[in-house]
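Using full-length UniProt numbering, the first residue of the sequence shown is number 1, and each one after it goes up by one.
Shown next, in structure tokens, is the structure this report addresses.
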Amino acid sequence: MRENSARSGAKSGSGDSAQALLPGTVPVDADPRVRVLLPLPLREAYDYRVPAGMTLVPGDYVEVPLGPRRVLGVVWGDGAGVVAAARLKPVVRRFDVPPMPEVERKFVEWVAAYTMTPPGHVLRMAISVPSALEPAKATLAYLRKPDAEPPPGFKMTDPRRRVLALLDDGPPRTPAELAEEAGCGVTVVRGLAEAGLLEPVLLQPTKLGRPDCHRPGPTLSADQEAAAADLRARVESGVYSTVLLDGVTGSGKTEVYYEAIAAALKAGRQALVLLPEIALSAQWLERFARRFGAPPAEWHSELTGAQRRDTWRAVANGEVPVVVGARSALFLPYKNLGVIIIDEEHDSAYKQEEGSIYHARDMAVARAHIGGIPTVLVSATPSLETKVNADSNRYARIELPGRHGGAVLPDVELVDLRKDRPPARHWLAPSLKKAIEQTLAEKEQVMLFLNRRGYAPLTLCRACGHRLQCPNCTAWLVEHRLARKLQCHHCGLSQPLSPTCPECGEEGTLAACGPGVERIAEEVAELFPDARAAIMASDTLFGPRAIQEMVRRIADHELDILIGTQVMAKGHHFPMLTLVGVVDADLGLAGGDLRAGERTYQLLHQVAGRAGRGERPGRVMLQTYMPEHPVMQALAAGDRDGFYQLEAEMRLEAGMPPFGRLAALIVSGEDAAAVEKLSIALGRAAPRSDTVAVLGPAPAPLALLRGRHRRRLLLKAPRTVQVQPLIAQWLEQVDIPPNVRVQVDVDPYSFL
Numbered sequence: 001m002r003e004n005s006a007r008s009g010a011k012s013g014s015g016d017s018a019q020a021l022l023p024g025t026v027p028v029d030a031d032p033r034v035r036v037l038l039p040l041p042l043r044e045a046y047d048y049r050v051p052a053g054m055t056l057v058p059g060d061y062v063e064v065p066l067g068p069r070r071v072l073g074v075v076w077g078d079g080a081g082v083v084a085a086a087r088l089k090p091v092v093r094r095f096d097v098p099p100m101p102e103v104e105r106k107f108v109e110w111v112a113a114y115t116m117t118p119p120g121h122v123l124r125m126a127i128s129v130p131s132a133l134e135p136a137k138a139t140l141a142y143l144r145k146p147d148a149e150p151p152p153g154f155k156m157t158d159p160r161r162r163v164l165a166l167l168d169d170g171p172p173r174t175p176a177e178l179a180e181e182a183g184c185g186v187t188v189v190r191g192l193a194e195a196g197l198l199e200p201v202l203l204q205p206t207k208l209g210r211p212d213c214h215r216p217g218p219t220l221s222a223d224q225e226a227a228a229a230d231l232r233a234r235v236e237s238g239v240y241s242t243v244l245l246d247g248v249t250g251s252g253k254t255e256v257y258y259e260a261i262a263a264a265l266k267a268g269r270q271a272l273v274l275l276p277e278i279a280l281s282a283q284w285l286e287r288f289a290r291r292f293g294a295p296p297a298e299w300h301s302e303l304t305g306a307q308r309r310d311t312w313r314a315v316a317n318g319e320v321p322v323v324v325g326a327r328s329a330l331f332l333p334y335k336n337l338g339v340i341i342i343d344e345e346h347d348s349a350y351k352q353e354e355g356s357i358y359h360a361r362d363m364a365v366a367r368a369h370i371g372g373i374p375t376v377l378v379s380a381t382p383s384l385e386t387k388v389n390a391d392s393n394r395y396a397r398i399e400l401p402g403r404h405g406g407a408v409l410p411d412v413e414l415v416d417l418r419k420d421r422p423p424a425r426h427w428l429a430p431s432l433k434k435a436i437e438q439t440l441a442e443k444e445q446v447m448l449f450l451n452r453r454g455y456a457p458l459t460l461c462r463a464c465g466h467r468l469q470c471p472n473c474t475a476w477l478v479e480h481r482l483a484r485k486l487q488c489h490h491c492g493l494s495q496p497l498s499p500t501c502p503e504c505g506e507e508g509t510l511a512a513c514g515p516g517v518e519r520i521a522e523e524v525a526e527l528f529p530d531a532r533a534a535i536m537a538s539d540t541l542f543g544p545r546a547i548q549e550m551v552r553r554i555a556d557h558e559l560d561i562l563i564g565t566q567v568m569a570k571g572h573h574f575p576m577l578t579l580v581g582v583v584d585a586d587l588g589l590a591g592g593d594l595r596a597g598e599r600t601y602q603l604l605h606q607v608a609g610r611a612g613r614g615e616r617p618g619r620v621m622l623q624t625y626m627p628e629h630p631v632m633q634a635l636a637a638g639d640r641d642g643f644y645q646l647e648a649e650m651r652l653e654a655g656m657p658p659f660g661r662l663a664a665l666i667v668s669g670e671d672a673a674a675v676e677k678l679s680i681a682l683g684r685a686a687p688r689s690d691t692v693a694v695l696g697p698a699p700a701p702l703a704l705l706r707g708r709h710r711r712r713l714l715l716k717a718p719r720t721v722q723v724q725p726l727i728a729q730w731l732e733q734v735d736i737p738p739n740v741r742v743q744v745d746v747d748p749y750s751f752l
């Protein structure tokens, strides 16, 4: 993205981010200066003067003036020295935090160069919690003061009594915690303290537990032990390698890579585990705590600000041995990282689509290469990119071909909806209904999968044909009947359900079209009234605690039928779950997405892998209108490698990734005419040759998103071509107005 930014200090003359970093402290001379990179969308660092008495080293976190305000930054190296000393502004302060390691600074530069993002924008991800630069302050809490009596005239109200009752023989609590638990305001707590009934105490930040790497793990099978030995050797070597841990669902991949974590801890180094979904963390965290005796540090969007601050600072100080988190955990300031593990490496959730656009899996491999450490890519259904790299020996491969403990892979059956049709206004085929009845009779559990939230994906008026659409996006409003609202799943717009058509004004004519998980749950309640059923979707479970509680209910067999979306499709282990029914197996195959077939295969394979993970055999039924489709045939035959070979041949013939390069320009703005004008100009200036082609400009499938009009251009080139210089030259030829944004997406995954 090209943006203009305000200047302060003095901009480095060279602008060369690869300039040599300071080997030690800044030399004391007549004009000591440093380059400071700011966490703003800036492409260059700025020179600042080092005040007398201040010593700075590369990586120091500092505060510097920028116009009328003060901002955080990181010392990036020697000053360029091309600006007069009189024009330089001084560094205001240095924070008492370990400097950002050199490997982290190189990583920021590499990500910026590869993704064509301003380095300052990438740095912002690495300083995502500015408050962590300050020492943690003790938190005020209260205990009940022993034998204290209310002063004369102090009225003991019910809320005051509830607060005191909470503190009877209890631990100290903060005012906010007491107010929440007692159902009163914070002023009630303060009033009790002022009356002398509460005793203030200061709580120090809680230290995170330290996993015990010497704690014995479970007994591994021969295949698992061989795989674990390979990973241990890689970690102990302390050199870069990338290995694919390729094992079928239920083969014990997690326990194997736990051995790599243990090896890193024994070597006194840190370990990072990336997970694509918070939903995967509940059972994972329990397994980790059982294996190592303490939980790891977590890093994801559901943490509180205080938790993120404490974790960031603890990572920087080297006090956190293991971090598990979402893609942003990659940018934490690890003091001594020893291994990176990317679980479910194929998952599209690793692609960041907003702000700095990057793929966490690919950036993790780059981070490992820069740091000279091993990285482990884990999946039962690897991305085609990873599989091709493993097949060509760019990556090593470790295979786990069988399920652990003697469990067998489930049988997969295709239900042809053209012949085995559900009744009118129903979505479960007769054969699937019968299989559910049999499973419930055996006291076993059922999972019904439909990757569509809400009650219905479309609502239309039967009188005038009007379809309820989001005013901010090119998308239909999804009905959520349980919450009695219509919602856009792209911008978050929500409005109450109305009985009246907004177009023609007729009442009682709005009809729900197509099924979502809520509609399937309605059908389940009708067909199996005695079954205990629940919905598991991202909009019905809010946060890790809710997901953890749902997982516990399923594991404890408090539920018979689970209806849900992809949040329940991978990573979970339910021994009594023996039947998986996919309501609409064709859903992901619609549209012209490059990876539609691959994604559908991976998702359905992962869903199928939930069945039969215990002693009882599993069964999977895929409802489809296209049983002859290669994806369906591969799933039914259990022919994973055959599917990948066919997919690779089609990509190779078309010159598409991983055998070719793609880069997208997304032009967006609130003014449709300005977006169209710039898109046409970019199309005319596009680089073209015998090997490089540019498609577009064309309206994006979501031509309106969050109120912004969108056009896309797609550059296609051979694998040997570096697309970044081509795009840089392309953008330099066109004047981009301030009211239009151009985003660069190197290696796009989403084409919306």
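For every residue, glycine included, the Cβ atom is placed at its ideal position computed from N, Cα and C.
Practice problem: Measure the C-alpha to C-alpha separation of R719 and F659 and round it to an integer number of angstroms. | Solution: For the purposes of this step, residue 719 is identified with residue 719 of the sequence shown, where counting begins at 1. For the purposes of this step, residue 659 is identified with residue 659 of the sequence shown, where counting begins at 1. Roughly 6 Å separates the two Cα atoms.
Practice problem: Could you work out which residue in Q352, P295, E225, A262 is closest to E277 when comparing CA atoms only? | Solution: Mapped onto the sequence shown, residue 277 falls at position 277. Answer by Cα proximity: Q352.
Quiz item: Mind pulling the alpha helix (DSSP H) runs of 4 or more residues that sit fully within the region 646-710?
Solution: 672-685
Quiz item: If you scan the region 715-750 from start to end, which runs of the beta strand (DSSP E) of 3 or more residues do you find wholly inside it?
Solution: 741-746
Practice problem: Would you decide whether Q743 is buried or exposed? Buried here means 16 or more other CB atoms lie within 10 Å of its CB. | Solution: The residue given as residue 743 occupies position 743 in the sequence shown. So Q743 counts as buried.
Quiz item: When the Cα atoms are used, what is the spatial distance from V97 to A136?
Solution: The residue given as residue 97 occupies position 97 in the sequence shown. The residue given as residue 136 occupies position 136 in the sequence shown. Roughly 12 Å between the two C-alpha positions.
Quiz prompt | Sequence-distant residues of the same chain with beta carbon closer than 7 Å to residue 765, five excluded per side | solution = Given that the chain is displayed from residue 1 to residue 752, the structure contains no residue 765 and the question cannot be resolved.
Self-check item: Assumed close pair Q283, V517 - CB separation to whole angstroms, cut-off 8 Å
Solution: Here residue 283 refers to the residue found at position 283 of the sequence shown. Here residue 517 refers to the residue found at position 517 of the sequence shown. With 8 Å as the limit, Q283 and V517 do not qualify as a contact, their Cβ atoms being about 21 Å apart.
Practice problem: Go through its chain and collect everything with a Cβ distance to T25's Cβ below 8 Å, but skip five positions before and after it. | Solution: Within the sequence shown, numbered from 1, the residue matching residue 25 stands at position 25. At T25 the pLDDT is 47, less than 50, meaning the model places this residue with poor confidence; the figure from the coordinates comes in the next sentence. Contacts found: T55, L56, V57.
Quiz item: Which runs of the alpha helix (DSSP H) spanning at least 4 residues fall entirely within the region 103-145, listed in chain order?
Solution: 119-126
Quiz prompt | One or two residues paired with T242 in a DSSP bridge | solution = For this step, residue 242 is matched to residue 242 along the sequence shown. DSSP lists T375 as partners of T242.
Exercise. Could you check how far apart the C-beta atoms of P410 and G612 are, in whole angstroms? I think they sit under 8 Å.
Key: The residue given as residue 410 occupies position 410 in the sequence shown. The residue given as residue 612 occupies position 612 in the sequence shown. Indeed, because the Cβ distance is near 4 Å, the residues count as touching under 8 Å.
Self-check item: Buried or exposed (CB count within 10 angstroms, at least 16 for buried), P738
Solution: Taking the first residue of the sequence shown as 1, we reach residue 738 at position 738. Under this definition P738 is an exposed residue.
Quiz item: How big is the Cα-Cα spacing for E598 and S750?
Solution: On the sequence shown, residue 598 is found 598 positions in, with the first residue counted as 1. On the sequence shown, residue 750 is found 750 positions in, with the first residue counted as 1. Their backbone Cα atoms lie some 13 Å apart in a straight line.
Quiz prompt | V64 - partner residues in DSSP beta bridges | solution = Within the sequence shown, numbered from 1, the residue matching residue 64 stands at position 64. V71, per the DSSP bridge assignment.
Quiz item: Does DSSP put residue 818 in a helix, a strand or coil?
Solution: Past the edges of the chain, shown from 1 to 752, lies residue 818, and the structure says nothing about it.
Quiz item: CB E506 to CB C470, shorter than 8 Å?
Solution: Reading the sequence shown from its first residue, position 506 is the one you call residue 506. Reading the sequence shown from its first residue, position 470 is the one you call residue 470. No, the Cβ-Cβ distance between E506 and C470 is not below 8 Å.
Practice problem: Would you identify the three-state DSSP class for K89, choosing helix, strand or coil? | Solution: The residue given as residue 89 occupies position 89 in the sequence shown. If DSSP states are grouped into helix, strand and coil, K89 belongs with coil.
Self-check item: Backbone secondary structure at E399 - three-state DSSP
Solution: Residue 399 sits at position 399 when you count from the first residue of the sequence shown. The answer is strand: DSSP assigns E399 an E or B state.
Practice problem: Return helix, strand or coil for Y350, following the three-state DSSP convention. | Solution: Here the question's residue 350 lines up with position 350 in the sequence shown. Helix.
Quiz item: Hey, is the region 224-244 in contact with the region 252-263, meaning 3+ C-beta pairs nearer than 8 Å?
Solution: yes
Quiz item: Apart from the five residues just before and just after V28, which ones in its own chain have a Cβ nearer than 6 Å to its Cβ?
Solution: One-based indexing of the sequence shown puts residue 28 at position 28. Its pLDDT being 40, under 50, V28 is placed unreliably by the model, and nothing is read from it.
Quiz item: Is the region 190-209 touching the region 336-353 in the sense that three or more CB pairs, one from each, lie closer than 8 Å?
Solution: no
Quiz item: Helix, strand or coil for A585 per DSSP?
Solution: Looking up residue 585 in the sequence shown gives position 585. A585: coil per DSSP, three-state reduction.
Quiz prompt | Cutoff 7 Å; reference V108; Cβ partners in own chain excluding five residues on either side | solution = Translated into positions along the sequence shown, residue 108 becomes position 108. For V108, where only same-chain residues beyond five positions count, the Cβ hits under 7 Å are P119, V122, L123, A126.
Quiz item: Roughly how many whole angstroms lie between the Cα atoms of A267 and F643?
Solution: One-based indexing of the sequence shown puts residue 267 at position 267. One-based indexing of the sequence shown puts residue 643 at position 643. When rounded, the distance between both Cα atoms is 41 Å.
Quiz prompt | P382 to Q722 span [Cα, whole Å] | solution = Taking the first residue of the sequence shown as position 1, residue 382 is located at position 382. Taking the first residue of the sequence shown as position 1, residue 722 is located at position 722. Each residue's alpha carbon lies about 25 Å from the other.
Exercise. Could you check what DSSP says for Y625 in three-state terms: helix, strand or coil?
Key: Indexing the sequence shown from 1 puts residue 625 at position 625. In this structure, Y625 counts as coil in the three-state DSSP scheme.
Quiz item: Residues in its own chain within less than 7 Å of A349 by CB, not counting five upstream and five downstream?
Solution: To locate residue 349, count along the sequence shown from 1; it is residue 349. The answer, listed in chain order, is P276, E277.
Quiz item: According to DSSP, which residues form a beta bridge with S494?
Solution: Numbered from 1 along the sequence shown, position 494 holds the residue referred to as residue 494. Answer by DSSP bridge pairing, in chain order: Q487.
Quiz item: To the nearest angstrom, how far is it from the Cα of P151 to the Cα of A195?
Solution: By 1-based counting over the sequence shown, the position of residue 151 is 151. By 1-based counting over the sequence shown, the position of residue 195 is 195. Between P151 and A195, the C-alpha separation is close to 7 Å.
Quiz prompt | Local conformation of M568 per DSSP, three classes | solution = Taking the sequence shown and counting its residues from 1, the one referred to as residue 568 is at position 568. Looking at M568 - three-state DSSP - the assignment turns out to be helix.
Quiz item: In whole angstroms, what separates the C-alpha of E302 from that of A546?
Solution: In the sequence shown, the residue the question calls residue 302 occupies position 302. In the sequence shown, the residue the question calls residue 546 occupies position 546. Cα-Cα distance, rounded: 12 Å.
Exercise. Starting from the Cα of L731, find the closest Cα among S131, V322, D246, L682 and give me that residue.
Key: To locate residue 731, count along the sequence shown from 1; it is residue 731. Nearest of S131, V322, D246, L682 to L731, Cα basis: L682.
Quiz prompt | L40 beta carbon less than 8 Å from that of A138 | solution = Taking the sequence shown and counting its residues from 1, the one referred to as residue 138 is at position 138. Taking the sequence shown and counting its residues from 1, the one referred to as residue 40 is at position 40. Contact flag unset, no.
Quiz prompt | Per DSSP, cross-strand counterpart(s) of G516 | solution = Taking the sequence shown and counting its residues from 1, the one referred to as residue 516 is at position 516. Per DSSP, none; premise fails for G516.
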